[in-house]
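One structure is given below, encoded as structure tokens.
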Amino acid sequence: MSGLTESPAWRALAAHHAQVKDVHLRTLFAEDAQRFTKFSVEGPGLLLDYSKNRVTAETMRLLLDLARERQVEQRRDAMFAGEKINITEQRAVLHVALRAPRDASILVDGRNVVPEVHAVLDAMARFAAQVRDGSWLGHTGQRIRNVVNIGIGGSYLGPEMAWRALRPFSDRGMRFRFVANIDGADFVEATQDLDAAETLFVISSKTFTTLETMTNAASARAWLVGKLGSEAAVARHFVAVSTNAAKVREFGIDTANMFGFWDWVGGRYSMDSAIGLSTMIAIGPEGFAELLAGFHDMDTHFRTTPLERNLPALMALLTVWYNNFFGAQTVGVMPYSAHLARFPAYLQQLQMESNGKHVDMQGKHVDYETGPVIWGEPGTDGQHSFYQLIHQGTKLIPCDLIGFCRPLSDLPHHHDYLMANLFAQAEALAFGKTAEELAAEGSPAFQTPFRVAEGNRPTNLLLVDALTPRSLGMLVALYEHNVFTQGAIWGIDSFDQWGVELGKVLAQRIIPELESAAAPALAHDSSTNALITRYRSRRGA
Ligand code: G6Q
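The opening position of the sequence shown corresponds to residue 144 in the numbering used here, with each subsequent residue numbered one higher.
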């Protein structure tokens, strides 16, 4: 579906934007005492307050018209029905099937995939339980105390994010490490204090061909065999998560110890598939089931709630509003939770790999902006570094602020102080500080221009009851469907990632040029040729 900028809803929004773009949140709140009630919605276990956005009732009506015109609901239903909505790869997009209840039926090419999903979950649960209760023994008869997930991108960010988020729910007697980078330092640092006899490697790779993961897996194997002195040790210390049984076998892992998934699960949508094996070992099969239930709660909300009260749809529409009409280039995501330190990085891949596209589904260059840059850090840390630019800089940066009502630690004061900061930031960003207010406070006149904070900086505030496996699943699914809705409006394929391929191919060409004994005949551009030559001459023996 092209012609986005020519569509009636888009044109109406552009005209409306010209009228309301300078209206201040101070005015909007002053004019309507019911603003919070009108611009907040309840979801499963959370509240979205979007009242501190630069929108009126008319803005929301027009944005919802746009969603309907772009057939967001029909596209959503097509996804849930297993249609091949990833058109460039001709694949269904069915991460929602990964968390469907056992008795659900979701068809791909006429076959119900839910029983297969649960068969893998059951196999994962059996294995995770054995590792956790010590009945899965290493080669020398010792129980497993260390789990090292080796994987990158979608086979890494979710497991690491989830482990950090859910540490209070995890087995504290076990250590979890995540190796992604092909820089050997990543593997060396992750394993330097581990006893190989107690270490399990989970090689997570959908394709089982990814350079970084296969290189790290080979080093892990050499490390383990070197420490334990026997090739036979591999069988008790390596398991695989993959769709590629042949490559797993070739690597030397018994496919009895392989946990599979399917081509209809995109890498960045796979943390709730077998890619979550390390998560399941950490929090246990029951905890993992809760995580999946949270995903499913949000799937149900997204699938059945009218767009007017549909959290992912509303968040997506607000992103489109700022991205396409105000020219905002980025979205900040600030979780007020140290446990969610890696959540922004996780969302960065989810959103930027999905919606960083310059052509529409017809392959035509778009004449509008698509996915924004996503970034963020946990609060309150960010307040003491980059928030200055959000408050008083020249760029408009809409932010999602995420907080939890119940703390995971019982230290006195900490949680109230944390949440006070969260609420204060949303307030300060929206309302700022005027010259009159400063004068009334006795601020010296010469400082006034520097101290004035204009405000009118928009935020979404997600207030979640508590950080649990269930609410984490719900939050991730919220952003998955948010990304989906944005992509549907922009008319792009949110489920391919061709841009990632080019660099991979070029690296494969350069590897032999770096490793060959004799100086290679280089045929790159002058810059690349010179860099390779300098590196070869200076890297040492
Ligand atoms: C995600 C991407 C990408 C992928 C990694 C790892 O959507 O496709 O991040 O997850 O490149 O791929 P493998 O799991 O195949 O090793």
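Note that CB positions come from ideal geometry on N, CA and C, so glycine has one too. Remember, predicted model here, so these are calculated numbers, not experimental data.
May I ask you to list the residues that DSSP assigns as paired with Val-184? As a position in the sequence shown, residue 184 is number 41, starting the count at 1. Beta-bridge pairing links Val-184 to Leu-191.
In chain order, what residues of the same chain have a beta carbon less than 8 Å from the beta carbon of Val-502, not counting five sequence neighbours either side? Here residue 502 is taken as the residue at index 359 of the sequence shown, counted from 1. Cβ neighbours of Val-502 beyond the five flanking positions: His-508, Val-509, Ile-635.
Using the Cα positions of Leu-434 and Gln-590, report the straight-line distance between them to the nearest angstrom. Counted from its first residue, the sequence shown places residue 434 at position 291. Counted from its first residue, the sequence shown places residue 590 at position 447. When the Cα atoms are used, Leu-434 and Gln-590 turn out to be separated by approximately 51 Å.
Are the region 201–216 and the region 608–624 touching, with three or more C-beta to C-beta distances below 8 Å? Contact between the region 201–216 and the region 608–624 is not established, with fewer than three Cβ pairs separated by less than 8 Å.
Is the CB-CB distance between Asn-229 and Asp-639 below 9 Å? One-based indexing of the sequence shown puts residue 229 at position 86. One-based indexing of the sequence shown puts residue 639 at position 496. In this structure, Asp-639 lies closer than 9 Å to Asn-229 by Cβ.
Using the Cα positions of Tyr-465 and Pro-521, report the straight-line distance between them to the nearest angstrom. Here residue 465 corresponds to residue number 322 of the sequence shown, with the count starting at 1. Here residue 521 corresponds to residue number 378 of the sequence shown, with the count starting at 1. If you draw a straight line from the Cα of Tyr-465 to the Cα of Pro-521, it comes to about 22 Å.
Heavy atom of the ligand G6Q within 8 Å of Lys-181 beta-carbon: Residue numbering aside, residue 181 sits at position 38 when the sequence shown is read from its first letter. Result no, Cβ not under 8 Å from the ligand G6Q.
Buried or exposed (CB count within 10 angstroms, at least 16 for buried), Tyr-678: Numbered from 1 along the sequence shown, position 535 holds the residue referred to as residue 678. The residue is exposed, with fewer than 16 neighbouring Cβ atoms inside 10 Å.
Relative to the alpha-carbon of Thr-199, which residue among Glu-185, Gly-506, Gln-177 has its alpha-carbon at the smallest distance? What you label residue 199 is simply residue 56 of the sequence shown in a count that begins at 1. It is Gln-177.
Which term fits Tyr-773, buried or exposed, when burial requires 16 or more other beta carbons within 10 angstroms of its beta carbon? What the structure shows of the chain is the stretch from 144 to 684, and residue 773 is not part of that stretch, so it cannot be assessed.
Boundaries (first-last residue) of the beta strand (DSSP E) holding Gly-522: Position 379 of the sequence shown, counted from the start, is the residue given in the question as residue 522. Under the DSSP assignment, Gly-522 falls outside any beta strand (DSSP E); it carries neither an H nor an E label.
My understanding is that Ala-305 touches Gly-395, with C-beta atoms under 8 Å, so please give their C-beta distance in whole angstroms. What you label residue 305 is simply residue 162 of the sequence shown in a count that begins at 1. What you label residue 395 is simply residue 252 of the sequence shown in a count that begins at 1. The beta carbons of Ala-305 and Gly-395 sit about 28 Å from each other, so the pair does not count as a contact at 8 Å.
So, under 8 Å CB-CB, Gly-525 and Met-477 are touching, yes? Tell me the CB distance rounded to an integer number of Å. The sequence position of residue 525 within the sequence shown is 382, counting from 1. The sequence position of residue 477 within the sequence shown is 334, counting from 1. Right, their Cβ atoms sit about 6 Å apart.
So, helix, strand or coil for Arg-411, using DSSP? Along the sequence shown, one-based indexing puts residue 411 at 268. In the structure shown, Arg-411 sits in a helix (DSSP, three-state: H, G or I).
If Gly-387 and Ile-293 are in contact, beta carbons under 8 Å, what's the gap, nearest whole angstrom? For the purposes of this step, residue 387 is taken as residue 244 along the sequence shown, with counting starting at 1. For the purposes of this step, residue 293 is taken as residue 150 along the sequence shown, with counting starting at 1. The displayed chain sequence assigns Asn, not Gly, to residue 387. With 8 Å as the limit, Asn-387 and Ile-293 do not qualify as a contact, their Cβ atoms being about 15 Å apart.
Check whether the Cβ atoms of Asn-498 and Val-626 lie closer than 9 Å to each other. Within the sequence shown, residue 498 is the residue found at index 355, counting from 1. Within the sequence shown, residue 626 is the residue found at index 483, counting from 1. Taking 9 Å as the Cβ cut-off, Asn-498 and Val-626 qualify as a contacting pair.
As an exercise, report each continuous beta strand (DSSP E) stretch of at least 3 residues that is fully enclosed by the region 184–244, in chain order. List check, beta strand (DSSP E) in window: 189–192.
Same chain, Cβ closer than 6 Å to Asn-289, neighbours up to 5 away in sequence not counted: In the sequence shown, the residue the question calls residue 289 occupies position 146. Excluding the 5 residues flanking it on each side, Asn-289 has same chain C-beta neighbours closer than 6 Å at Arg-318, Leu-337, Glu-341, Thr-342, in chain order.
Flag this pair as yes or no: are the beta carbons of Ile-346 and Ser-385 separated by less than 9 Å? Within the sequence shown, numbered from 1, the residue matching residue 346 stands at position 203. Within the sequence shown, numbered from 1, the residue matching residue 385 stands at position 242. Contact annotation: Ile-346 and Ser-385 have beta-carbon atoms nearer than 9 Å.
When every heavy atom of the ligand G6Q is checked, does at least one fall within less than 8 Å of the C-beta of Arg-411? Counting from one through the sequence shown, the residue named residue 411 turns up at place 268. Taking non-hydrogen atoms of the ligand G6Q into account, the C-beta of Arg-411 is found less than 8 Å away from one of them.
Reference Leu-98, options Gly-225, Phe-344, Trp-633, closest by Cα: What the structure shows of the chain is the stretch from 144 to 684, and residue 98 is not part of that stretch, so it cannot be assessed.
Classify Asp-608 as helix, strand or coil using the three-state DSSP reduction. Locating residue 608 in the sequence shown gives position 465, where the first residue counts as 1. The three-state secondary structure of Asp-608, taken from DSSP, is strand.
Say the cut is 8 Å; is the CB of Thr-356 nearer than that to a heavy atom of the ligand G6Q? In the sequence shown, counting from the first residue as 1, residue 356 sits at position 213. Yes.
For Asp-440, the three-state DSSP class (helix, strand or coil): Counting from one through the sequence shown, the residue named residue 440 turns up at place 297. Correct three-state label for Asp-440: helix.
Ignore the nearest five residues each way along the sequence and tell me which others in Pro-455's own chain have a CB closer than 7 Å to its CB. The residue given as residue 455 occupies position 312 in the sequence shown. Excluding positions up to five away in sequence, the list reads Phe-445, Leu-621, His-624, Asn-625, Thr-628.
Go ahead and label Gln-651 buried or exposed: buried means 16 or more other beta carbons lie within 10 angstroms of its beta carbon, across all protein chains shown. Here residue 651 is taken as the residue at index 508 of the sequence shown, counted from 1. Gln-651 is exposed by the Cβ-count criterion.
Looking at the structure shown, is Met-317 part of a helix, part of a strand, or coil, going by DSSP? For the purposes of this step, residue 317 is taken as residue 174 along the sequence shown, with counting starting at 1. Per DSSP, reduced to three states, the secondary structure at Met-317 is coil, with no helix or strand assignment.
Glu-623: beta carbon under 8 Å from a heavy atom of the ligand G6Q? The count along the sequence shown starts at 1 and reaches residue 623 at position 480. No; taking the cut-off as 8 Å, the Cβ of Glu-623 has no heavy atom of the ligand G6Q nearer than that.
DSSP three-state call for Met-401: helix, strand or coil? Taking the sequence shown and counting its residues from 1, one reaches residue 401 at position 258. The answer is strand: DSSP assigns Met-401 an E or B state.
Output the distance between the C-alpha atoms of Arg-379 and Glu-451, rounded to the nearest integer angstrom. Taking the sequence shown and counting its residues from 1, the one referred to as residue 379 is at position 236. Taking the sequence shown and counting its residues from 1, the one referred to as residue 451 is at position 308. Straight-line Cα distance between these residues: approximately 52 Å.
How many Å lie between Ala-308 and Ala-660 at the Cα? Your numbering for residue 308 matches position 165 in the sequence shown. Your numbering for residue 660 matches position 517 in the sequence shown. The straight-line gap from Cα to Cα measures roughly 46 Å.
Beta-bridge partners of Met-477, as assigned by DSSP: Stepping through the sequence shown from its first residue, residue 477 is reached at position 334. Within the DSSP bridge table, the entry for Met-477 names Leu-544 as partners.
Is any heavy atom in the ligand G6Q found nearer than 8 Å to the beta carbon of Lys-500? Here residue 500 corresponds to residue number 357 of the sequence shown, with the count starting at 1. Look at Lys-500: its beta carbon is at least 8 Å from all of the heavy atoms in the ligand G6Q.
Around the C-beta of Ile-654, are 16 or more other C-beta atoms found within 10 angstroms, so that it is buried, or is it exposed? What you label residue 654 is simply residue 511 of the sequence shown in a count that begins at 1. Counting Cβ neighbours within 10 Å, Ile-654 comes out exposed, since fewer than 16 surround it.
Check this for me: beta carbons of Phe-312 and Pro-612, under 9 Å apart or not? One-based indexing of the sequence shown puts residue 312 at position 169. One-based indexing of the sequence shown puts residue 612 at position 469. Against a cut-off of 9 Å, the Cβ pair of Pro-612 and Phe-312 comes out as a contact.
Under the assumption that Arg-364 contacts Asp-314 (Cβ atoms under 8 Å), give the Cβ distance between them as a whole number of angstroms. Position 221 of the sequence shown holds residue 364. Position 171 of the sequence shown holds residue 314. Contact flag wrong, Cβ pair sits at about 25 Å.
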